[in-house]
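K.L.:
I am attaching a structure below and will ask some questions about it afterwards.
Number of protein chains: 2
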Amino acid sequence: MSRRKLINDEPCPVARSVDVVGDRWSLLIVRDAFDGMRRFSDFQRSLGMARNILSDRLRKLVEAGILETKPASDGTAYQEYVLTPQGESLFPVVVALRQWGEQHLFNPGERHSVLINKRTGKAVPPLVLHDSDGTTLQPDMTEVRKLISGST
Amino acid sequence: MSRRKLINDEPCPVARSVDVVGDRWSLLIVRDAFDGMRRFSDFQRSLGMARNILSDRLRKLVEAGILETKPASDGTAYQEYVLTPQGESLFPVVVALRQWGEQHLFNPGERHSVLINKRTGKAVPPLVLHDSDGTTLQPDMTEVRKLISGST
DNA sequence: CAGTATCCCTCAAGATACTG
DNA sequence: CAGTATCTTGAGGGATACTG
């Protein structure tokens, strides 16, 4: 995107998040990382993307604090890329995208991968917004207030 | 993106979702739509994006079944763009991105917009994954099973 | 194996002018 | 006001060759 607008001074957290992970590959790399993937070649094979682009995305994800590099566990001289706590907190984002895709982007009966709770062996239930009293929040039950001072 | 890989035959719902909304603008348009925005010029002013791009994104969001057009409520000859039920079900995605951004992309004390429960007047609590028995799912408590036949 | 370095091309995005 | 049309730029992406 040329002459691209700078949005890391946007006051909206959604806009800043999209600026970091709102591209074709970043969230798929994160998805694979949640799936236990750590090595350059594994990501490359899984995603089928050009190596230079993968290299660039991994670097940016490390710069953004989403991944960190570690020496390879098998003693080779190379890196492993693992999620930081900040990266792990993208879990709801990836799950929400997964569930939305499952519901709306597959034909009836079409096969797709699915997220399973290891303990129960069952698919994880739909992600919904619960308020602190347990009520389920719908979109029209919320509103955005501008420019609240953050605690983080 | 040139010679871009086709991923609408990917078996992973995350990949398909990213293919639909994984760009710089789509989710911000959806965010504004959640905020009650309906008119072309309102989106344009809010997002500060080029009109031809906005036009293109609105068309694609309509094609994807996320927005639908309606005659303008004020009687003018133009369109309004409103979320379909499928579009509204992107709510968890937008909220998850919002909350991740709030936590990780702002300096302490820096001001940002915030999502409020209209009824209680308080910020909506963090989005977490609850299993059907109420336990909180962490990333390492889940795994992906490939190619389950879908019910949708 | 794990990248980096090049080369090339396409298209997303911006700017601007135009139209009913 | 709500777009469409046209032009330009450059980032995103692919392919491939190269390196330790």
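Chains A and B, in that order, give the protein sequences.
Add 45 to a position in the first sequence, counting from 1, and you land on the number used in the working numbering.
Add 45 to a position in the second sequence, counting from 1, and you land on the number used in the working numbering.
The C-beta atom is built at its ideal place from N, Cα and C for all residues, glycine as well.
Predicted model, so just to flag it, every value in this text is computed and none were measured.
Checking 8 Å against the spacing of the C-beta atoms, do K163 (chain A) and T187 (chain B) come in under that value?
P.N.:
As a position in the first sequence, residue 163 (chain A) is number 118, starting the count at 1. As a position in the second sequence, residue 187 (chain B) is number 142, starting the count at 1. Going by C-beta atoms, K163 (chain A) is nearer than 8 Å to T187 (chain B).
K.L.:
Please identify the residue among A:F85, A:G93 and A:K115 whose C-alpha is closest to the C-alpha of L103 (chain A).
P.N.:
Taking the first sequence and counting its residues from 1, one reaches residue 103 (chain A) at position 58. The option with the nearest alpha carbon to L103 (chain A) is A:F85.
K.L.:
So that I know if they touch, is there some Cβ in chain B lying closer than 8 Å to that of D80 (chain A)?
P.N.:
In the first sequence, the residue the question calls residue 80 (chain A) occupies position 35. Judged by the 8 Å Cβ criterion, D80 (chain A) is in contact with chain B.
K.L.:
Are the Cβ atoms of P58 (chain A) and E133 (chain B) separated by less than 8 Å?
P.N.:
Looking up residue 58 (chain A) in the first sequence gives position 13. Looking up residue 133 (chain B) in the second sequence gives position 88. No; because the gap between Cβ atoms is not below 8 Å, this pair is not in contact.
K.L.:
Could you name the residues of chain B that K191 (chain A) contacts, counting a contact when the two beta carbons are closer than 7 Å?
P.N.:
By one-based count along the first sequence, residue 191 (chain A) stands at place 146. Residues of chain B passing the Cβ test: S158.
K.L.:
Look at P171 (chain A) and Q144 (chain A) and say whether their C-beta atoms are less than 8 Å apart.
P.N.:
Taking the first residue of the first sequence as 1, we reach residue 171 (chain A) at position 126. Taking the first residue of the first sequence as 1, we reach residue 144 (chain A) at position 99. Yes, they are a contact pair.
K.L.:
Please name the residue in B:D68, B:S62 and B:V139 whose C-alpha comes closest to that of R76 (chain B).
P.N.:
For this step, residue 76 (chain B) is matched to residue 31 along the second sequence. The shortest Cα separation from R76 (chain B) among B:D68, B:S62 and B:V139 belongs to B:V139.
K.L.:
Taking the straight line between their C-alpha atoms, what separation do you get for D178 (chain B) and R61 (chain B)?
P.N.:
Here residue 178 (chain B) is taken as the residue at index 133 of the second sequence, counted from 1. Here residue 61 (chain B) is taken as the residue at index 16 of the second sequence, counted from 1. Looking at the two C-alpha atoms, the distance is approximately 29 Å.
K.L.:
Counting only beta-carbon separations shorter than 8 Å, does R102 (chain A) have a partner in chain B?
P.N.:
Translated into the one-based positions of the first sequence, residue 102 (chain A) becomes position 57. So no, R102 (chain A) is outside the interface.
K.L.:
Check A168 (chain B) in the structure and name its three-state DSSP category.
P.N.:
Position 123 of the second sequence, counted from the first residue, corresponds to residue 168 (chain B). Strand.
K.L.:
Measuring alpha carbon to alpha carbon, tell me which residue in B:M94, B:N152, B:I111 and B:V173 is nearest K50 (chain A).
P.N.:
Against the first sequence, residue 50 (chain A) aligns to sequence position 5. Considering only alpha carbons, the answer is B:M94.
K.L.:
Between which two residues does the beta strand (DSSP E) carrying H175 (chain A) extend?
P.N.:
Here residue 175 (chain A) corresponds to residue number 130 of the first sequence, with the count starting at 1. H175 (chain A) -> no beta strand (DSSP E), and no H or E assigned at all.
K.L.:
Could one say the Cβ of K163 (chain B) lies closer than 8 Å to chain A's Cβ atoms, at least one of them?
P.N.:
The residue given as residue 163 (chain B) occupies position 118 in the second sequence. Yes, K163 (chain B) counts as interfacial toward chain A.
K.L.:
Identify whether S47 (chain B) lies in helix, strand or coil by the three-state DSSP scheme.
P.N.:
Looking up residue 47 (chain B) in the second sequence gives position 2. Reliability fails at S47 (chain B), whose pLDDT of 43 lies under 50, so the model's placement of it is uncertain and no value is given.
K.L.:
Let me make sure I understand the geometry here. Which of B:V66, B:L192 and B:D101 has the alpha-carbon closest to that of E155 (chain A)?
P.N.:
Locating residue 155 (chain A) in the first sequence gives position 110, counting from the first residue. For E155 (chain A), the nearest C-alpha among the options comes from B:L192.
K.L.:
Taking DSSP's pairing of strands, which residues face P153 (chain A) in a bridge?
P.N.:
The sequence position of residue 153 (chain A) within the first sequence is 108, counting from 1. For P153 (chain A), which the question treats as bridged, DSSP gives no partner whatsoever.
K.L.:
In terms of residue numbering, what span does the alpha helix (DSSP H) encompassing P58 (chain B) cover?
P.N.:
Here residue 58 (chain B) is taken as the residue at index 13 of the second sequence, counted from 1. From DSSP, the alpha helix (DSSP H) with P58 (chain B) extends over P58 to V66.
K.L.:
Given L92 (chain B), which residues of its chain have a CB within under 8 Å of its CB, disregarding the five upstream and five downstream residues?
P.N.:
To locate residue 92 (chain B), count along the second sequence from 1; it is residue 47. Around L92 (chain B): W70, L73, I74, D77 and L99.
K.L.:
Who are the neighbours of F136 (chain A) on chain B, taking C-beta pairs under 8 Å?
P.N.:
Reading the first sequence from its first residue, position 91 is the one you call residue 136 (chain A). What F136 (chain A) touches in chain B: L174, Q183 and P184.
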